[in-house]
Amino acid sequence: MCRGDCMPTPFGNLPDGRAVQRHVIGSVQLELHVLDLGATAHQLHVAGHGNVLLGHGDAASQLETRAYLGSTVGRYANRIAKGQFTLDGHLYQLGTNEGPHTLHGGPDGFHRRLWRVVDVSASSITLALDSPDGDQGFPGNLSCTATYTVDGDTVTIAYRAHTDKPTPVNLTNHAYFNLDGEAGDSIDRHQIVVHASRYTPIAEDLIPLGRLAEVAASPLDLRVATPIGPVIRHPDQQLLWARGLDHNFAIDGLGMRPAASLYSAASGLGLTVSTDQPGLQVYTANHLDGAIAGPSGRVYRQGAGIALETQLFPDSPNQESFPTSILEPDHTYHSITTWQFSRDPEARA
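Under my numbering, the first residue of the sequence shown carries the number 128, and numbering increases by one thereafter.
In structure tokens form, the structure reads like this:
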């Protein structure tokens with residue numbers, strides 16, 4: 128493994144000619160490839176198992192498609208209804224990119240930006256981005272950083288942000304995992320656990336209804352290990368509208384705690400996602416349609432991977448009952464997420 132002692136390597140160019148660079152950090156157990164385009168976790172190699180993240184084949188693909196593979200998304204991850212919200216008596220209209228709604232920050236979100244590398248070592252990299260007042264319609268000059276750190280069998284992602292005006296902020300990483308490998312079969316046989324007794328039900332347009340519902344006695348009850356395939360094919364209306372799982376779960380407990388775990392009996396790999404955030408969007412790649420080929424050449428379709436996006440709740444700027452997403456000028460936005468891997472020595476490699 129390179130483990131950070133390699134120079135960055137090119138990953139194509141932006142339309143204006145700027146070069147996209149790939150950095151490699153890691154440990155004996157893990158090797159993480161990070162792009163400055165979108166502060167993206169592009170590949171994650173687990174010793175003895177290979178790469179377990181879906182990723183774009185080149186920079187052009189990342190710009191041309193809207194899959195957000197491994198990228199940092201913002202200024203506001205997930206959906207804002209009708210692309211608008213009212214803050215301090217002012218109605219803000221955002222750029223829309225999912226019908227009348229705003230998804231993952233708008234048409235030119237943070238996943239499309241070239242972040243600055245401000246610090247890098249063998250095991251850690253910090254990237255920075257400045258988002259000006261009015262960017263995609265959001266108020267305030269926002270300065271943010273994304274830090275990836277690899278320690279043993281764990282990747283830690285830390286986001287920080289400051290603003291000079293009140294503004295909604297909700298940053299997440301949109302990695303898609305496949306524990307059988309990036310070129311492996313679908314995640315249908317992966318088992319998932321989500322530590323949430325409630326979720327935010329959605330309408331047909333995937334906007335939350337503004338309330339919490341119990342997962343008990345529903346196909347969204349994932350509190351014990353559950354195969355993914357039967358869940359995403361369940362005839363429940365929530366799953367039909369989303370074409371699978373595309374739902375925010377209200378994680379039980381407070382502070383840093385486990386949010387979800389994933390396991391593949393085929394590879395023997397397990398993943399635990401922990402966070403200090405209140406929500407987790409579970410997304411089963413419902414809209415991957417064969418338009419993207421990954422680093423291995425595999426063409427991605429629905430179920431090629433699963434995203435476990437730690438977050439504030441979707442549409443919270445319009446939902447008073449949801450945890451607030453408004454960052455004030457005298458406060459710091461800070462979130463932490465970890466991906467911890469484990470191996471089952473009895474499983475078939």
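Where a beta carbon is used, it is the ideal one built from N, C-alpha and C, also for glycine.
What you are looking at is a predicted structure, and each value in this text was computed from that prediction instead of being measured.
Strictly by DSSP, which residues pair up with Thr-327? Here residue 327 corresponds to residue number 200 of the sequence shown, with the count starting at 1. In the DSSP output, where bridge partners are listed per residue, Thr-327 has Asn-375.
Compute the Euclidean distance between the alpha carbons of Thr-136 and Ala-168, then round it to the nearest angstrom. In the sequence shown, counting from the first residue as 1, residue 136 sits at position 9. In the sequence shown, counting from the first residue as 1, residue 168 sits at position 41. Distance between the alpha carbons of Thr-136 and Ala-168 is about 15 Å.
Can the beta-carbon of Thr-402 be found closer than 8 Å to that of Thr-327? Working through the sequence shown from its first residue, we reach residue 402 at position 275. Working through the sequence shown from its first residue, we reach residue 327 at position 200. If you check the CB distance, Thr-402 and Thr-327 do not come in under 8 Å.
For Tyr-390 and Asn-413, what's the separation of their Cα atoms in angstroms? To locate residue 390, count along the sequence shown from 1; it is residue 263. To locate residue 413, count along the sequence shown from 1; it is residue 286. Roughly 20 Å between the two C-alpha positions.
Leu-298: first and last residue of the uninterrupted alpha helix (DSSP H) it sits in: Position 171 of the sequence shown, counted from the start, is the residue given in the question as residue 298. From DSSP, Leu-298 is part of no alpha helix (DSSP H); its letter is neither H nor E.
Among Phe-138, Ser-154, Arg-350 and Val-155, which has the Cα closest to the Cα of Gln-148? Position 21 of the sequence shown, counted from the first residue, corresponds to residue 148. Checking every option, the nearest Cα to that of Gln-148 belongs to Phe-138.
Compare the Cα-Cα distances from His-322 to each of Leu-366, Arg-370, Ser-448 and Gln-404 and report the closest residue. Taking the sequence shown and counting its residues from 1, the one referred to as residue 322 is at position 195. Here the closest residue by C-alpha is Gln-404.
If Thr-276 and Arg-287 are in contact, beta carbons under 8 Å, what's the gap, nearest whole angstrom? Translated into positions along the sequence shown, residue 276 becomes position 149. Translated into positions along the sequence shown, residue 287 becomes position 160. No, Thr-276 and Arg-287 are not in contact; Cβ-Cβ is about 13 Å, not under 8 Å.
In whole angstroms, what is the alpha-carbon distance linking Arg-470 and Arg-428? Numbered from its first residue, the sequence shown carries residue 470 at position 343. Numbered from its first residue, the sequence shown carries residue 428 at position 301. Rounded to whole angstroms, Arg-470 to Arg-428 spans 27 Å at the Cα level.
Note down the Cα distance separating Thr-411 from His-228, rounded to an integer number of angstroms. Along the sequence shown, one-based indexing puts residue 411 at 284. Along the sequence shown, one-based indexing puts residue 228 at 101. Their backbone Cα atoms lie some 21 Å apart in a straight line.
When you compare the CB positions of Arg-202 and Leu-269, do they come within less than 8 Å of one another, or not? Numbered from its first residue, the sequence shown carries residue 202 at position 75. Numbered from its first residue, the sequence shown carries residue 269 at position 142. In contact: Arg-202 and Leu-269 (Cβ atoms closer than 8 Å).
Measuring CB to CB, does Val-296 end up less than 8 Å from Tyr-195? Working through the sequence shown from its first residue, we reach residue 296 at position 169. Working through the sequence shown from its first residue, we reach residue 195 at position 68. No, the Cβ-Cβ distance between Val-296 and Tyr-195 is not below 8 Å.
Beta-ladder partner(s) of Asn-140, from DSSP: If you number the sequence shown from 1, residue 140 lands on position 13. Bridge partners of Asn-140: Ala-146.
Alpha carbon of Ala-418 to alpha carbon of Leu-190, nearest angstrom: Position 291 of the sequence shown, counted from the start, is the residue given in the question as residue 418. Position 63 of the sequence shown, counted from the start, is the residue given in the question as residue 190. Approximately 13 Å between the Cα atoms of the pair.
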